């Protein structure tokens, strides 16, 4: 996307480096990228159920890594990098954010912040660099403490195949 914006003349400057963060216990993109592979292999993903991870939001057995325009291309074109973060690193980052900013964050943001801390510590980025951290879900814990939350029942529960078929019919594309 960033490359298309630059090529269209809608922005100027260098392409920002994209950095991808994953749980250390489930990091197929990090494994493939660090090995220099465009494709994911079975060894990149644990068999059976996904292991216990800090952020289950980041577990995806079919990431858009190898496809044209996917994460491999984005990382290559942007001169980006990948990180795997332990549960302890993510917890420490979450605590640091809450103590510094006064608000809690969702687990993917804690993993991303822990990755940023890794990148700074090992020199992959500099404190002088302009960094953008996508911090998602701030304040959920506070909201839980201050408000009574009610679970919403889904109107429909469907399988992956049915969801893909419905999506394709919406855009007028049939397999």
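In the working numbering, the protein residues as written are 16 to 190.
Using N, Cα and C, we set each Cβ at its ideal position, and we do this for glycine too.
Treat the numbers as computed from the prediction; the structure is a model and nothing was measured.
Give me, in chain order, the residues of the same chain whose beta-carbon lies closer than 7 Å to that of residue i; leave out the 5 immediate sequence neighbours on both sides.
i: residue 131; result: 146 and 148
i: residue 152; result: 120, 121 and 124
Once the 5 residues before and after residue i are set aside, which same chain residues still bring their CB inside 8 Å of it?
i: residue 96; result: 32, 34, 35, 48, 90, 134 and 139
i: residue 154; result: 118 and 119
Would you mind reading off the limits of the beta strand (DSSP E) that contains residue i?
i: residue 37; result: 34 to 38
i: residue 97; result: 96 to 100
Using a threshold of 8 Å, is the CB atom of residue i nearer than that to any non-hydrogen atom of the ligand ZN?
i: residue 72; result: Because no ligand of any kind appears in the structure shown, any question about the ligand ZN cannot be addressed here.
In chain order, what residues of the same chain lie with their CB nearer than 6 Å to the CB of residue i, ignoring the 5 residues before and after it?
i: residue 28; result: none
i: residue 179; result: none
Between the alpha carbons of residue i and residue j, how many angstroms are there, rounded?
i: residue 175; j: residue 71; result: 18 Å
i: residue 167; j: residue 136; result: 42 Å
i: residue 94; j: residue 165; result: 44 Å
i: residue 126; j: residue 102; result: 8 Å
i: residue 55; j: residue 163; result: 43 Å
Whole-angstrom Cβ separation of residue i and residue j, contact assumed at under 8 Å?
i: residue 66; j: residue 40; result: 4 Å
i: residue 69; j: residue 38; result: 6 Å
i: residue 50; j: residue 99; result: Going by Cβ atoms, the distance from residue 50 to residue 99 rounds to 13 Å, so no, they are not a contact pair.
Kindly indicate the opening and closing residues of the alpha helix (DSSP H) around residue i.
i: residue 122; result: 122 to 136
i: residue 45; result: 43 to 49
i: residue 144; result: Per DSSP, residue 144 belongs to no alpha helix (DSSP H) and is neither H nor E.
i: residue 88; result: 86 to 93
Subject >> Runs of alpha helix (DSSP H) lying entirely within the segment 148 to 186, each at least 4 residues, in chain order >> reply: Listed in chain order, the complete alpha helix (DSSP H) runs (minimum 4 residues) inside the segment 148 to 186 are 155 to 161 and 175 to 185.
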